[in-house]
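The next block holds one structure in the form of structure tokens; read it before the comments.
Structure below.
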């Protein structure tokens, strides 16, 4: 018997200028299943889903929804066809209540009060049916992200979605929250809904999907039953070659502390105490990982350590330099003391994307004497640094005059990593080194970090990817609500314990 | 054709098409007024280029626009919208005037560098205060520079009518400087080489303007200070990451911009009128914004755009003189259309032109 198809895409092509984002993509999603779409960044997953949701029009190809050919020109058409989407970045009005957010755009008649009353009933029914409990009167910005995501799902269901697309839904969740989300998705499947899950995390695909389609360079390279495949096979399909998922590393040979953080506090402009009395150290020859759900003070901690934010309270020691708030050390001073910094957000901090690759290859080091003559800069010296870095780190395309915005995310990140590591710093501070980076580049960047450690350098790694923390770190600190909840030795760490710490539950409290 | 060449071609075509349209519409208006647009165009171009006196005036105006265009461009590369070149030029001119009044029995080769220094300091201070307010207090530079234009104007009116005006003089202007500190007129310079041209206000400052173009070009793209400035202007968070002080660079950009605008004083006060007077900078500062934007904030573009506005000023004056139905306001209309199409609506035909260039380059390969 032919299975019922919720979605059928046939021969979808989409080009942006000369870039082919989707090439002859055909996809069948069976009704009542969870269908995973996996691929590296830039493989065309998001473009494909945007076509399905009406943000883009395909250059050619056709779409069928519930076995009926459908033309989707806008998100409105998609909703009419019963397709709902939960975006990676939530589309919620922060200062509206849950109910108001759900109703937004569907309110009928003249009186808002009346449509709110009608929707309230409907919303209660949906919550009960799918176990999506949220207090519908609470205001969005008072809810944790896990609940905000539930509101997004409710919104889609309220609009009559039978097919739900989730774009990288676990990026902002703790492992426990992610598990909860998966239970909800299971519930939806049991109720006959169809779920399309876009992700680059192999673990999620294996944990929850029925079928999986793998995308690479705009094409679908495989359709598989999840039960009949494994992580290694999927990774290989995604990258197009064999990938080492594990990082091999020798035991750490630690030396003296290179970075010591003492009682660091940070309060932001709106008066929120973001970092609370954080103390730790990083010794030479080790990688210290800071785990935590994003938004728990890691960014502010990084900014204070690296001189991007002036140090407010507490003290830093880098090598033999002591940095106090009175010193007003900026990022240039920190570099002079022996620190290099791969920032969390390469486009906002690490690169000037409108500049060429070679101009970016000296960002932060542009005052070094080797790049400067009496008045003008030494272009040859800059070019040779850039060429060396691009070659060594296999940045593609290997063109030092190209504007950085024209490189892919992975190659941009390689440019940053090359610039910072090639300085041979004593201390490397790394934030989210592989965010939005493809698997091949992840593997490479991880090897570079291990190499730094093995060369006796101190590495501080901040990441929201727990897998990354677990596989690279020698010691793991977990941050929650601005505090260090605990330290775990990486050799005995497991995901569950760290997950609990990430949720703010310390061992003693248990 | 590589990406860079294609880009240059697009930019050039966009500018040319926009200018063409501005002139086309001007032509239609002239035609509606019952005059021959073709004749008007010829009159204008002849007035601007056709004989050495016209050319002299054109280049004399161009000199001013180069300075104020550069003043805007330097700020723009640092992410600032410096519309205070008007006031900066005015106060810069005050500096030049004071030096000349004070030292006009000194030789020119000593006074000239001092006058340049004075215009940098005076114009620079007039840029630095809004720069400081922006960098440290967050006051928007568009608001503060406009206000500083007015403040400059009031200061100058006061100084010229009460302090610098010679007792028996009726008009609000200073006494004439001693001839020793006049910058040589172009006809005098040509005379040294035995060449004879008509006397115009065009003077040696023009050469200094060309030098300024070159120096700003090297500064912005080839020095670490220019690098820092552009980084702040393009991505200020990345600047902080790189240890570049955003506030320092904002102030520096405003000081340099103010100094460059102040050079208008060299051309006008020291090179042409030889006395401090009211409103010698009128409109030059604002036109500099259009010059810089049309010239894409690049010194080469600014040179061409400044020349274009020099032509519009001089040719326009000639036009209103020669053709009866066209008065001064008509000339302002033409300038306005150029600013409208080449400045404000510059991307009107960009998609079509990009398409065209793409097709061209695909034919190529």
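Residue numbers (the numbering used here), protein chains in the order written: chain A, 378 to 887; chain B, 143 to 507. The beta carbon of each residue, even a glycine, is placed where N, CA and C say it ideally should be. This structure is a prediction, so every number in the text was calculated from the model and none was measured.
{"Query": "Residue nearest to residue 602 of chain A in terms of C-alpha spacing, selected from A:415, A:878 and A:386", "Result": "A:415"}
{"Query": "Buried or exposed (CB count within 10 angstroms, at least 16 for buried), residue 268 of chain B", "Result": "buried"}
{"Query": "Residue 455 of chain A vs residue 431 of chain A beta-carbon contact at 9 Å", "Result": "yes"}
{"Query": "Euclidean distance between Cα positions of residue 423 of chain A and residue 465 of chain A", "Result": "10 Å"}
{"Query": "Near-chain B residues of the region 741–774 of chain A - C-beta to any C-beta below 7 Å", "Result": "741, 743, 744, 749, 752, 753 and 754"}
{"Query": "is_contact[residue 305 of chain B, chain A] using C-beta, thresh 9 Å", "Result": "no"}
{"Query": "Rounded straight-line distance, which links the Cα of residue 418 of chain B to that of residue 343 of chain B", "Result": "16 Å"}
{"Query": "Beta-carbon proximity list for residue 762 of chain A, same chain, < 6 Å, skipping 5 on both sides", "Result": "738"}
{"Query": "Beta-carbon proximity check, residue 678 of chain A vs residue 641 of chain A, cutoff 9 Å", "Result": "yes"}
{"Query": "Cross-strand partners of residue 699 of chain A (DSSP beta bridge)", "Result": "A:694"}
{"Query": "Nearest-angstrom Cβ-Cβ length linking residue 412 of chain A and residue 588 of chain A, presumed shorter than 8 Å", "Result": "5 Å"}
{"Query": "Exposed unless 16 or more other CB atoms sit within 10 angstroms - verdict on residue 174 of chain B", "Result": "exposed"}
{"Query": "Cβ contact check for the region 303–314 of chain B and the region 251–270 of chain B: 3 or more pairs under 8 Å", "Result": "no"}
{"Query": "Per-residue burial, residue 308 of chain B [other beta carbons within 10 Å of its own, 16 or more giving buried]", "Result": "exposed"}
{"Query": "Local Cβ density within 10 Å of residue 158 of chain B, reported as buried at 16 or more and exposed below that", "Result": "exposed"}
{"Query": "DSSP three-state assignment for residue 780 of chain A, whether helix, strand or coil", "Result": "strand"}
{"Query": "Expected contact under 8 Å - CB spacing of residue 460 of chain A and residue 542 of chain A to nearest Å", "Result": "7 Å"}
{"Query": "Same chain only: Cβ atoms within 7 Å of residue 201 of chain B, ignoring 5 sequence neighbours per side", "Result": "344, 348 and 452"}
{"Query": "Length of the line joining the Cα atoms of residue 886 of chain A and residue 636 of chain A", "Result": "Unreliable placement is indicated for residue 886 of chain A, whose pLDDT of 48 sits below 50; no coordinate value is reported for it."}
{"Query": "Between the CA atoms of residue 491 of chain B and residue 500 of chain B - distance to the nearest angstrom", "Result": "14 Å"}
{"Query": "Sequence-distant residues of the same chain with beta carbon closer than 7 Å to residue 553 of chain A, five excluded per side", "Result": "876 and 880"}
{"Query": "Residue 633 of chain A (DSSP reduced to helix, strand or coil)", "Result": "coil"}
{"Query": "Local Cβ density within 10 Å of residue 193 of chain B, reported as buried at 16 or more and exposed below that", "Result": "exposed"}
{"Query": "Alpha carbon of residue 219 of chain B to alpha carbon of residue 774 of chain A, nearest angstrom", "Result": "28 Å"}
{"Query": "Cut-off 7 Å between Cβ atoms - residues of its own chain near residue 870 of chain A, not counting five sequence neighbours on either side", "Result": "847 and 853"}
{"Query": "Within 9 Å, strictly: CB atoms of residue 207 of chain B and residue 433 of chain B", "Result": "yes"}
{"Query": "Whole-angstrom C-beta distance between residue 154 of chain B and residue 225 of chain B, which should lie under 8 Å", "Result": "Not a contact, Cβ separation roughly 27 Å."}
{"Query": "Distance, residue 295 of chain B Cα to residue 393 of chain A Cα", "Result": "53 Å"}
{"Query": "C-beta contact flag for residue 561 of chain A and residue 527 of chain A at 9 Å", "Result": "yes"}
{"Query": "Inter-residue spacing [alpha-carbon to alpha-carbon] between residue 360 of chain B and residue 265 of chain B", "Result": "21 Å"}
{"Query": "Cβ contact check for the region 232–247 of chain B and the region 322–331 of chain B: 3 or more pairs under 8 Å", "Result": "yes"}
{"Query": "Which listed residue (A:686, A:713 and A:779) has its alpha carbon closest to that of residue 379 of chain B", "Result": "A:686"}
{"Query": "Close beta carbons around residue 427 of chain A, own chain, < 6 Å, minus the five adjacent residues each side", "Result": "433"}
{"Query": "Residue 302 of chain B burial status per 10 Å Cβ neighbour count (16 or more: buried)", "Result": "buried"}
{"Query": "Residue 390 of chain A versus residue 785 of chain A: straight-line alpha-carbon distance, rounded", "Result": "21 Å"}
{"Query": "Residue 492 of chain B at chain A interface by Cβ criterion, 9 Å", "Result": "no"}
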